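Protein sequence lines, in the order shown, are assigned to chains A and B.
First residue of the first sequence? That's 1 in the working numbering, and the numbers climb one at a time after it.
First residue of the second sequence? That's 1001 in the working numbering, and the numbers climb one at a time after it.
All C-beta atoms, glycine included, are put in the ideal place defined by N, C-alpha and C.
None of these values were measured; they are calculated from a predicted model.
The structure appears below as C-alpha cells.
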Amino acid sequence: MIKSIYKNKLKNIIFYLIMIIVIILIWQFIASYSQINQEYDIQLMPTLPEIIRGIKEFSIFNNDLNITNQWIGGIQVLLVNSVATITRALGGIVIGVFLGVFLGLLFSFVPFLRYLFFPTLQIIRVIPILTLVPLFLLWFGDQEYGVWIYVSFAVFILIIVNTLEAVRNVPKKYTQYAFTLGANRFQLFRTVIFPAIIPRLIGPIRVALGASWAIVLAAEYLAVQTGLGYLMILSERFFKINRMIVVTILFVLFSLILNNIFVRISRRITHWVN
Amino acid sequence: MNHENLKIEMKNVSMIFDSHSGGKAEVLNNASMKIRNKEFVAIIGHSGCGKSTIINLIAGLQLPTSGNILMDSNIINGKPHRSRGVVFQQDVIFPWRTVIKNVEYGLELRGVLNEERRSIARHYLSVVGLEHAADFFPKELSGGMCKRVQIAAIFANNPEVLLMDEPFGSLDYPTKINLQTVLLKLWKESQKTTIFVTHDLEEAIYLSDRIFAIKDKKIVEILQIPFTRPRENKIRNSVEFVKEKKILWEYVVS
C-alpha cells in the first residue's frame, strides 16, 4: 500500500500523524483566512470547528426519538448509513467474485460454453461501468436489490474475464505433471488450475474493490435513499459543505481500511508465491 | 527381444513439428525402439535432436505424426497415465502445496486414505533425505531439493515406467552425483522400466544398462553397459568405466 519511509514502524506512524496534523492546520489556516475575506455567502471551506459541528448536524436525520443527544444522534446516522454503503459494496464484491470465478472455471472446463459467451463478455467489459447507471436507475429505481445487482454484475464481468485469462496462463508444465500423475480433467481443475490462478486474481479483485465502491456511491447519489452517498447529496442540496467534508472523510477512511484489510488477507493467501 | 519381456516399444514413429516461421521441422523419421521390462535405458544426444520428444511421446503428452507407441503391446498414443511417470527438467512441484502434500498428490488423486498416504510419502521423503523438510513450501527449497521432492512424488505414485527428461541438467556436479545415487537407491527397491534422457555421458554410463542415441532422426542402440548392480560411485574413475566413456565419446564427437 503506502511504502514505509522509515524501517521503524513506530517512527512511520508518528510521521503520518504529523503529516495529517500539518494538513489539518494548513486547512484551518486557509479556511479562517477565507472567512475574513469572504465575497460569497456560502462558506466554501469550512473551518475545523464547523466540520466537527457537522457531525452533530447529522442528528437531524435521526428518526429515533429516544436519542436526544445530538452527538450520539449524529454518529448514529453516520454509522447506519456507513453500514448500508459498506454492506452493499462488500456484498456485491463477494457475489461478483464467487460467480465470476465459478463461471470462469466452468467455461474453461467446458470449452463450448467459453466459445459461446466469450465475445459477449469481451464487449460488455469494454463499456465503462458507470455509463450504465441511468439504465440501472430505469430498471430498478431506488430498490435496494437494484444496487446489489448492479455492483455484483460489474464485479462479475471484471472477474470472469480475468479468470478465463488466468486459466489460459497457467503454465502448461503443471497440467502435464498432473496428467502424468493420473489426474483427470476435473481433478486437474480442482487441484491445479484453481490454486494456480488465485495470485493472478488478486489484482483484479483489488480493482473490483475500488470499482464497487464507486458504483455504490454513484447509485446512492442518483437513486437510493440510504447510504453515505445519499448523505453527501443531502448535504450538497442544503449547501452544507461542512457535512460534505465529514462524509468525504468517512469515504476515505473506509476505503483505506477496506484496502488495508484486503492487502493483509491477500498476502496470507498467497504466502506460497515465490 | 522376447515378446513377453517387451515393455515399451516405439514402432515407425515420425514426428514433424510446425515451426513458428511457417516451415516444418522433422525431428523423428520412422524411428523405432524396443525396451525390456525392468530395464534402465539412457538416450543421449545434443539439445534439440528429439530426446525430449521421445519422452513426451512415450508419456502420452504428445501425439506422433505417424507410427505407434506401445506399452505391454497396447497402443498408448497421446494418453498420459499414472503408469508412466515423468520427471521433468524444470521444477514442476506445486508451489501451493507443502513438500509432503506434493509427494502425496498422486496417492490423493487415487483416493488413498490419509494415514496410508502420509506413511508412504514419509517413506519416500526419507529415502531422498528430505524427511525434515516435510512441511516446507517449494519456495523455501533449493533446486536440488525440489528435484528430490519431484522424484519422491513420482516414486510414491508407483508407476511401472519411469521417464526422466534431463532431470539433473540444471544442477551442479556434486548435487548431480548425489541425486544419481538417490535415484539408484530408489530404483533398487522396485526396478521400474526407466528411460533416462541426458547429454551427460558419465551419467548415462553410470546409471543405465543400455544407451541409445539419435542418429539421422532414428533411435540407435550404441552401447551395452557391462557393469553389475549395485554400482558404487567409485567405478566412475575405473579403467572399465573410462573405456566405455571413450566409446561414447568417439561416437558423440564424430
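Beta carbon of residue i nearer than 8 Å to that of residue j
i, j, result
"residue 1160 of chain B", "residue 1192 of chain B", "yes"
"residue 1111 of chain B", "residue 1153 of chain B", "no"
"residue 1179 of chain B", "residue 1171 of chain B", "yes"
"residue 181 of chain A", "residue 258 of chain A", "no"
"residue 85 of chain A", "residue 228 of chain A", "yes"
"residue 1184 of chain B", "residue 1226 of chain B", "no"
"residue 231 of chain A", "residue 63 of chain A", "no"
"residue 121 of chain A", "residue 160 of chain A", "yes"
"residue 1208 of chain B", "residue 1086 of chain B", "no"
"residue 1122 of chain B", "residue 1108 of chain B", "no"
"residue 1149 of chain B", "residue 1162 of chain B", "no"
"residue 197 of chain A", "residue 175 of chain A", "no"
"residue 252 of chain A", "residue 55 of chain A", "no"
"residue 96 of chain A", "residue 151 of chain A", "yes"
"residue 1124 of chain B", "residue 1168 of chain B", "no"
"residue 1052 of chain B", "residue 1197 of chain B", "yes"
"residue 155 of chain A", "residue 92 of chain A", "yes"
"residue 107 of chain A", "residue 117 of chain A", "yes"
"residue 1034 of chain B", "residue 1009 of chain B", "yes"
"residue 129 of chain A", "residue 215 of chain A", "yes"
"residue 1181 of chain B", "residue 1237 of chain B", "no"
"residue 1013 of chain B", "residue 1069 of chain B", "yes"
Three-state secondary structure (DSSP) of residue i
i, result
"residue 1218 of chain B", "strand"
"residue 1045 of chain B", "coil"
"residue 1224 of chain B", "strand"
"residue 1099 of chain B", "helix"
"residue 1030 of chain B", "strand"
"residue 1068 of chain B", "strand"
"residue 1014 of chain B", "strand"
"residue 1114 of chain B", "helix"
"residue 1077 of chain B", "coil"
"residue 951 of chain B", "Only positions 1001 to 1254 of chain B appear in the structure, and residue 951 of chain B is not among them; the question remains open."
"residue 1084 of chain B", "strand"
"residue 109 of chain A", "helix"
"residue 967 of chain B", "Lying before the first or after the last residue shown, residue 967 of chain B is absent from chain B, which here runs from 1001 to 1254."
"residue 1009 of chain B", "strand"
"residue 994 of chain B", "Shown here, chain B extends from 1001 to 1254; a query on residue 994 of chain B therefore has no answer."
"residue 1285 of chain B", "Outside the shown range of chain B, which is 1001 to 1254, sits residue 1285 of chain B, and nothing can be said about it."
"residue 1259 of chain B", "Nothing about residue 1259 of chain B can be read from this structure; chain B reaches only from 1001 to 1254."
"residue 1024 of chain B", "strand"
"residue 275 of chain A", "Lying outside 1 to 274, the shown extent of chain A, residue 275 of chain A is not represented and no answer is given."
"residue 264 of chain A", "helix"
Local Cβ density within 10 Å of residue i, reported as buried at 16 or more and exposed below that
i, result
"residue 225 of chain A", "exposed"
"residue 1115 of chain B", "exposed"
"residue 1023 of chain B", "exposed"
"residue 1102 of chain B", "buried"
"residue 1224 of chain B", "exposed"
"residue 314 of chain A", "In the structure as shown, chain A starts at 1 and stops at 274, and residue 314 of chain A therefore has no counterpart that could be examined."
"residue 1157 of chain B", "buried"
"residue 1096 of chain B", "buried"
"residue 191 of chain A", "buried"
"residue 1062 of chain B", "buried"
"residue 29 of chain A", "exposed"
"residue 14 of chain A", "exposed"
"residue 238 of chain A", "exposed"
"residue 1166 of chain B", "buried"
"residue 186 of chain A", "exposed"
"residue 1240 of chain B", "exposed"
"residue 240 of chain A", "buried"
"residue 242 of chain A", "buried"
"residue 9 of chain A", "exposed"
"residue 33 of chain A", "exposed"
"residue 1242 of chain B", "exposed"
"residue 168 of chain A", "exposed"
(Q) Runs of 4 residues minimum, wholly inside the region 1130 to 1216 of chain B: which ones carry the alpha helix (DSSP H) assignment? (A) Scanning the region 1130 to 1216 of chain B for uninterrupted alpha helix (DSSP H) segments of 4 residues or longer gives 1143 to 1156, 1173 to 1189, 1201 to 1207, listed from N- to C-terminal end.
Report task. Mind checking the region 1069 to 1086 of chain B against chain A and listing, in chain order, the residues whose C-beta falls within less than 9 Å of any C-beta there? Result -> Cβ contacts with chain A: 1080, 1081, 1082, 1083, 1084, 1085, 1086.
Closer than 7 Å, Cβ to any Cβ of chain A: which residues of the region 1110 to 1124 of chain B, in chain order?
Going along the region 1110 to 1124 of chain B in chain order, one finds 1110 with a Cβ nearer than 7 Å to chain A.
Short of 7 Å Cβ to Cβ, which residues in the region 1149 to 1180 of chain B face chain A? Listed by position along the chain: 1157.
So within the region 149 to 222 of chain A, which uninterrupted alpha helix (DSSP H) runs reach at least 4 residues, ignoring any that extend past its ends? Runs found: 172 to 180, 185 to 188, 194 to 222.
Check your understanding: Listed from N- to C-terminal order along the chain, which residues in the region 1212 to 1238 of chain B have their beta-carbon within a distance smaller than 8 Å of any beta-carbon of chain A?
Key -> Here the close residues number zero.
Return the residues of the region 1019 to 1051 of chain B that lie within a Cβ-Cβ distance of less than 9 Å from chain A, sorted by chain order.
Cβ contacts with chain A come from no residue of the region 1019 to 1051 of chain B.
Inset, instruction - Check each residue of the region 181 to 198 of chain A: if its Cβ is closer than 9 Å to any Cβ of chain B, include it; give the result in chain order. - result: Correct list: 181, 182, 183, 184, 187, 191, 192, 195, 196, 198.
> Using Cβ-Cβ distances below 8 Å, what residues of the region 1186 to 1202 of chain B are close to chain A?
Replying inline: Listed in chain order, the positions of the region 1186 to 1202 of chain B with a beta carbon within less than 8 Å of a beta carbon of chain A would be empty, since no residue qualifies.
Below 9 Å between beta carbons is the criterion; list the residues of the region 168 to 181 of chain A that meet it against any residue of chain B, in chain order. When C-beta distances to chain B are compared with 9 Å, the residues of the region 168 to 181 of chain A below that value are 171, 173, 174, 176, 177, 178, 179, 180, 181, in chain order.
ask   = What residue ranges within the region 70 to 142 of chain A form continuous alpha helix (DSSP H) runs of no fewer than 4 residues, ordered along the chain?
value = 70 to 109, 111 to 126, 133 to 140, all fully within the region 70 to 142 of chain A.
Task: Proximal residues, the region 97 to 113 of chain A versus chain B, C-beta separation under 7 Å - done: Sequence-ordered contacts of the region 97 to 113 of chain A with chain B are nonexistent [C-beta pairs closer than 7 Å].
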